[in-house]
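Undergrad:
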Amino acid sequence: MSAKLTSRQVGDVTVIDAAGRITLGDGASSFRDTIRDLAAKGNKKLLLNLADVSYIDSSGIGEMVSGFTTVTNNGGQLKLLGLSKRVKDLLQITKLYTVFEVFDDETSAIRSFH
Amino acid sequence: MARPENGKMEKLQTTLDSVLESVDKAEEFVIQEAGKVGFDEDEQHQIGMAVRECTVNAVVHGNRYSKTKKVHLDIERSSGVLTVIVGDEGDGFDLNSLPDPLAPENLLRQSGRGLLLIRTFMDEFDLHPRPGGGTEVRLVKHLAKS
């Protein structure tokens, strides 16, 4: 299953629920388009929920970083929620744990924007 | 896929088109073989991802999606060891020319993390010119002794 992304509002925070595989090809492309689209529409508080993401490869990680840069350059914030152990491991290996703010529960993540 | 027997070693060889679908196929093949060696689910995932990243490099950077160029996948399994060779028919590249993805100035680069993951997940990694042209990457993973 390639990536499926849906967004919802929790107050002024846009939560992006991602599911499936974020890998080179359709998965990473739809991921990139969704983040850029939301940033272009002026959403500045983005929370990416990866709880239902089964697989991310280096291209998927690259899209996460690209999304982070896009949102940050627009004066916004992109934070991560619900990482599996495997995704956490990838962020450790790539040192991206030092870049992203990561949360295990949504309430804490939403609160962190305020 | 050819399956020549060689003593206790089993070798599988296949040739794949330079398309993204080949990346999934290579990963599936190697996960299946890793399971036969006895690697656990996490190790199979890591080996699969390493081969995935190698195959992406071969399709995208080596063969540049050429319809006339192939990706060559060899998988050898023997007692407690899995060896995978991924070859392309591209122009080759210099490993030393690649930026360090862990350097602070490179952390926000969009690409360049594939080799880091490959080296992290496998016990051995080496890269050399492929006989007949292109580049060959050799990956080895040893089963941990319990």
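Protein sequences appear in the order of chains A and B. Position in the first sequence counted from 1, then plus 417, gives you my numbering. Position in the second sequence counted from 1, then plus 11, gives you my numbering. Positions of the beta carbon are idealized from the N, C-alpha and C atoms, including for glycine.
(1) Could you tell me how far apart the beta carbons of Leu70(B) and Leu109(B) are, in whole angstroms, since I believe they sit closer than 8 Å?
(2) Give the residues of chain B in contact with Ile478(A), contact being defined as C-beta atoms less than 7 Å apart.
(3) Between which residues of its own chain and Gly18(B) is the CB-CB distance below 6 Å, once the five residues before and five after are set aside?
(4) On the three-state DSSP scale, how would you describe Met481(A)?
(5) Should Lys496(A) be flagged as near chain B, meaning a C-beta pair shorter than 8 Å?
(6) Are the segment 73-80 of chain B and the segment 112-121 of chain B in contact at 8 Å, needing three or more beta carbon pairs?
(7) Among Leu27(B), Val95(B) and Met60(B), which residue has its Cα nearest to the Cα of Glu21(B)?
(8) For Phe517(A), does the three-state DSSP call read helix, strand or coil?
(9) Using DSSP's beta-bridge definition, name the partner residues of Asn466(A).
(10) What residue range is occupied by the uninterrupted beta strand (DSSP E) comprising Glu87(B)?
(11) Taking 6 Å as the limit between beta carbons, can you name the residues of its chain near Ala13(B), skipping five residues before and five after?
(12) Counting only runs of 3+ residues fully inside the segment 32-61 of chain B, write out the beta strand (DSSP E) ranges in chain order.
(13) Give a yes or no on whether the minimum CB-CB distance between Glu52(B) and chain A is below 8 Å.
(14) Answer with buried or exposed for Leu138(B), where buried requires no fewer than 16 other C-beta atoms within 10 angstroms of its C-beta.
(15) Cβ of Glu64(B) within 8 Å of Cβ of Leu106(B)?
(16) For Thr146(B), return the contacting residues in chain D, with the cut-off set at a CB-CB distance below 9 Å.
(17) Using the beta-carbon of each residue, which ones in chain A are nearer than 7 Å to Thr2(B)?
(18) Count the other CB atoms within 10 Å of the CB of Ser483(A); is the residue buried (16 or more) or exposed (fewer)?
(19) Using beta carbons (cut-off 8 Å, strictly below), is Arg503(A) in contact with chain B?
(20) With a threshold of 8 Å between beta-carbons, can Glu64(B) be considered close to chain A, or not?
(21) Is the shortest distance between the beta-carbon of Thr486(A) and the beta-carbons of chain B less than 8 Å?
TA: So, from the listed chains and residues:
(1) Residue 70(B) sits at position 59 when you count from the first residue of the second sequence. Residue 109(B) sits at position 98 when you count from the first residue of the second sequence. Reading off the sequence, residue 70(B) comes out as Val, not Leu. With 8 Å as the limit, Val70(B) and Leu109(B) do not qualify as a contact, their Cβ atoms being about 18 Å apart.
(2) Here residue 478(A) is taken as the residue at index 61 of the first sequence, counted from 1. Residues of chain B passing the Cβ test: Arg124.
(3) Indexing the second sequence from 1 puts residue 18(B) at position 7. Because Gly18(B) sits at a pLDDT of 47, beneath the cut-off of 50, its placement in the model cannot be relied upon, and the point is left open.
(4) The count along the first sequence starts at 1 and reaches residue 481(A) at position 64. Helix at Met481(A).
(5) For the purposes of this step, residue 496(A) is taken as the residue at position 79 of the first sequence. So, not an interface residue.
(6) no
(7) The count along the second sequence starts at 1 and reaches residue 21(B) at position 10. Nearest of Leu27(B), Val95(B) and Met60(B) to Glu21(B), Cα basis: Val95(B).
(8) Your numbering for residue 517(A) matches position 100 in the first sequence. Looking at Phe517(A) - three-state DSSP - the assignment turns out to be coil, as it is neither helix nor strand.
(9) Here residue 466(A) is taken as the residue at index 49 of the first sequence, counted from 1. Looking at the DSSP assignment, Asn466(A) forms a beta bridge with Asp434(A) and Leu498(A).
(10) Numbered from 1 along the second sequence, position 76 holds the residue referred to as residue 87(B). Here the beta strand (DSSP E) through Glu87(B) covers Lys81 to Ser89.
(11) On the second sequence, position 2 is the one that residue 13(B) refers to. Since pLDDT at Ala13(B) reaches only 47, below the 50 mark, its modelled position is unreliable, and the value read off the structure follows with that caveat. Excluding residues within five positions, the ones whose Cβ falls inside 6 Å are Gln24.
(12) Restricted to the segment 32-61 of chain B, not a single beta strand (DSSP E) segment is unbroken, complete and at least 3 residues in length.
(13) If you number the second sequence from 1, residue 52(B) lands on position 41. It does not: the Cβ of Glu52(B) has no partner Cβ on chain A nearer than 8 Å.
(14) Position 127 of the second sequence, counted from the first residue, corresponds to residue 138(B). Buried is the call here.
(15) Position 53 of the second sequence, counting from 1, holds the residue named residue 64(B). Position 95 of the second sequence, counting from 1, holds the residue named residue 106(B). Not a contact, by the Cβ cut-off of 8 Å.
(16) No chain D is present in this structure, whose protein chains are A and B.
(17) The displayed coordinates of chain B run from 12 to 157. Any statement about residue 2(B) would go beyond what the structure contains.
(18) What you label residue 483(A) is simply residue 66 of the first sequence in a count that begins at 1. With 16 or more other Cβ atoms within 10 Å, it is buried.
(19) As a first step, residue 503(A) must be located in the first sequence, where it is residue number 86. Arg503(A) counts as touching chain B.
(20) On the second sequence, position 53 is the one that residue 64(B) refers to. Yes, its Cβ sits closer than 8 Å to a Cβ of chain A.
(21) As a first step, residue 486(A) is located in the first sequence; it is residue number 69 there, counting from the start. At a cut-off of 8 Å between beta carbons, Thr486(A) contacts chain B.
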